[in-house]
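Taking the working numbering as reference, the numbering of the sequence shown is continuous, increasing by one, and the terminal residue is 297. For each residue, glycine too, the CB sits at the ideal point set by N, CA and C. This structure is a prediction, so every number in the text was calculated from the model and none was measured. Heads up, the thing below is written out as structure tokens.
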Amino acid sequence: MSSWLNTTKIFLTVMICLAASWFVAGQTASGPRHYFFLSDQRVITVELINEQKTILNYINLGDSFEIIQAPGLLILDAEGLPYHGHVFEVEDATHPSERFKVTELVQPDRYVGYNIWGNYSFQTPPEKVFLKVGSRIAELEPVSQTDFNLLASKIGNLDLAMEDGKQMVLLAGFRQGWGTIYGSGAVEVQQIEGHFPDLEIVPPVLLDGAQPALPSSFAHLPDPVVVELSGRVSRSGALTDIEVVNGIAPRLDQLARETAQNTWSFLPAISKGKVADIRLTFNVVFRRGAPERPRR
Numbered sequence: 002m003s004s005w006l007n008t009t010k011i012f013l014t015v016m017i018c019l020a021a022s023w024f025v026a027g028q029t030a031s032g033p034r035h036y037f038f039l040s041d042q043r044v045i046t047v048e049l050i051n052e053q054k055t056i057l058n059y060i061n062l063g064d065s066f067e068i069i070q071a072p073g074l075l076i077l078d079a080e081g082l083p084y085h086g087h088v089f090e091v092e093d094a095t096h097p098s099e100r101f102k103v104t105e106l107v108q109p110d111r112y113v114g115y116n117i118w119g120n121y122s123f124q125t126p127p128e129k130v131f132l133k134v135g136s137r138i139a140e141l142e143p144v145s146q147t148d149f150n151l152l153a154s155k156i157g158n159l160d161l162a163m164e165d166g167k168q169m170v171l172l173a174g175f176r177q178g179w180g181t182i183y184g185s186g187a188v189e190v191q192q193i194e195g196h197f198p199d200l201e202i203v204p205p206v207l208l209d210g211a212q213p214a215l216p217s218s219f220a221h222l223p224d225p226v227v228v229e230l231s232g233r234v235s236r237s238g239a240l241t242d243i244e245v246v247n248g249i250a251p252r253l254d255q256l257a258r259e260t261a262q263n264t265w266s267f268l269p270a271i272s273k274g275k276v277a278d279i280r281l282t283f284n285v286v287f288r289r290g291a292p293e294r295p296r297r
């Protein structure tokens, strides 16, 4: 069954400047990579894998359904700068358009585990991790790799068939809770609530984007040398239907199109809480590289 998300083009201008340090700053960032939350209602673990992916494991120990959304994962670095998840990866998807989703409804006494893709290019080391669960916000505690492995072994002892969540975690070997849960509007989280995006419309996330080398014959052009393109980012993150919006010269325009087509990858846009097709405009910025070899 088709929906308006499949047919409606949403025009959005996203100025992507690859000269900025989006994909460089996170490569050397250090800090806690494992985070943990435990109560008699839920168990949450988050592992920071790389600058594009985190792993979320969630166990609902309560009696009611719980809603979690990928953008509800919020990470703050040492300077308080926010980074959030974007989409869940559906590993058993049978069609490219079903590869990603935004929302998961977790049944009582059920476990779910997902890769959460997003932009985690930390400017400074990560420090705090939050997950929005419905209207509540859970703050996870950082743990070492050794402690994380010990906690994981205890999680494996949870008997989800038990009705009493407190008794369940006690019998699994837990003697204390981990992390903090905050209600909607709590004073402690008022400053961070604005970091959670409005899922009415969230633009695509650029994961990888190479800069084409500026040919020596155009070395006289002043910086930045930019070609503005437009294209369609599908629900699978594929970039298609690339057109030149503001070009410079045919050769540079073609180089910009080929670079975006062959090397750029996106996470899809979000519209009304679901992944969506979208058309956007973006900049390809040329870099000044080594001199070209003479043509024969």
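When you compare only the Cα positions, how much space is there between F37 and A71? Residue 37 sits at position 36 when you count from the first residue of the sequence shown. Residue 71 sits at position 70 when you count from the first residue of the sequence shown. So the two alpha carbons sit approximately 17 angstroms from each other.
Measuring alpha carbon to alpha carbon, tell me which of G135, D278, E128 ends up nearest S65. Residue numbering aside, residue 65 sits at position 64 when the sequence shown is read from its first letter. With distances taken between Cα atoms, S65 lies closest to G135.
So, for S98: in the same chain, excluding its five sequence neighbours on each side, which residues have a beta-carbon less than 6 angstroms away from its beta-carbon? Translated into the one-based positions of the sequence shown, residue 98 becomes position 97. Counting only Cβ-Cβ distances below 6 angstroms, and skipping sequence neighbours, we find R236, S237.
Assess contact between the stretch 164-175 and the stretch 202-218, defined as three or more Cβ pairs (one per stretch) separated by less than 8 angstroms. Is contact present? no
Length-filtered (4 minimum) alpha helix (DSSP H) runs lying within the stretch 94-180: 146-156, 166-172
Is the CB-CB distance between G290 and L222 below 8 angstroms? Mapped onto the sequence shown, residue 290 falls at position 289. Mapped onto the sequence shown, residue 222 falls at position 221. No. Outside cutoff.
Taking the DSSP output, what are the residues bridged to F267? Position 266 of the sequence shown, counting from 1, holds the residue named residue 267. Answer is L207, bridged to F267.
Three-way DSSP call (helix, strand, coil) for F66 in this model: For the purposes of this step, residue 66 is taken as residue 65 along the sequence shown, with counting starting at 1. Look at F66 here: in three-state DSSP terms it is coil, with no helix or strand label.
Output needed for G27: all residues of its chain with C-beta closer than 7 angstroms, excluding positions within five of it in sequence on either side, in chain order. For the purposes of this step, residue 27 is taken as residue 26 along the sequence shown, with counting starting at 1. Confidence is the limiting factor: at G27 the pLDDT is only 34, short of 50, which leaves the residue's position unreliable, though a coordinate-based value still follows. If we look at G27 and ignore the five residues flanking it on each side, its Cβ neighbours are E52, Y121, S122, F123.
Could you check where the beta strand (DSSP E) with E80 kicks off and where it finishes? Start at 1 with the first residue of the sequence shown, and residue 80 comes out as number 79. Looking at the DSSP string, E80 is not in any beta strand (DSSP E), and its letter there is neither H nor E.
Are there 16 or more other CB atoms within 10 angstroms of the CB of A261, so buried, or fewer, so exposed? Looking up residue 261 in the sequence shown gives position 260. Under this definition A261 is a buried residue.
Taking Cβ positions, are V88 and V103 nearer each other than 8 angstroms? What you label residue 88 is simply residue 87 of the sequence shown in a count that begins at 1. What you label residue 103 is simply residue 102 of the sequence shown in a count that begins at 1. Cβ atoms of V88 and V103: closer than 8 angstroms.
On a Cα-Cα basis, can you pick out the residue from F287, V234, V286 that is closest to S272? As a position in the sequence shown, residue 272 is number 271, starting the count at 1. When only C-alpha atoms are compared, the closest one is V234.
Can you look up D242 in the DSSP assignment and give me helix, strand or coil? Position 241 of the sequence shown, counting from 1, holds the residue named residue 242. DSSP, read as helix, strand or coil, puts D242 in strand.
Is L74 closer than 8 angstroms to G86 when the C-beta atoms are compared? Translated into the one-based positions of the sequence shown, residue 86 becomes position 85. Translated into the one-based positions of the sequence shown, residue 74 becomes position 73. Going by C-beta atoms, G86 is nearer than 8 angstroms to L74.
Could you tell me the distance, in whole angstroms, from the CA atom of A250 to the CA atom of T282? Numbered from 1 along the sequence shown, position 249 holds the residue referred to as residue 250. Numbered from 1 along the sequence shown, position 281 holds the residue referred to as residue 282. When rounded, the distance between both Cα atoms is 18 angstroms.
Coarse secondary structure for L249, derived from DSSP in three states: Counting from 1 along the sequence shown, the entry for residue 249 is found at position 248. In the sequence as presented, Leu is not what sits at residue 249; that position holds Ile. Coil at I249, not helix or strand.
Do you know whose CA, among V190, A239, N58, N263, lies nearest G278's CA? Position 277 of the sequence shown, counting from 1, holds the residue named residue 278. Rather than Gly, the amino acid found at residue 278 in this sequence is Asp. The option with the nearest alpha carbon to D278 is A239.
Would you kindly report the start and end of the unbroken alpha helix (DSSP H) that includes E194? The residue you call residue 194 lines up with position 193 of the sequence shown. Element bounds for E194: 191-194.
With 16 other Cβ atoms within 10 Å as the buried cut-off, status of D160: Start at 1 with the first residue of the sequence shown, and residue 160 comes out as number 159. The residue in question, D160, is exposed, as its Cβ has fewer than 16 Cβ neighbours within 10 Å.
Cβ neighbour criterion (16 or more within 10 Å) applied to A139: Working through the sequence shown from its first residue, we reach residue 139 at position 138. With 16 or more other Cβ atoms within 10 Å, it is buried.
Can you pull the DSSP bridge partners for D214? One-based indexing of the sequence shown puts residue 214 at position 213. Looking at the sequence shown, residue 214 is not Asp but Ala. Per DSSP, R288.
Could you tell me which of H35, R258, G81, G178 sits nearest to T55, measuring between CA atoms? As a first step, residue 55 is located in the sequence shown; it is residue number 54 there, counting from the start. Closest in C-alpha terms to T55, from the list H35, R258, G81, G178, comes H35.
Counting contacts by CB-CB distance shorter than 8 angstroms, is V203 in contact with chain C? This model lacks chain C altogether; it includes just one protein chain.
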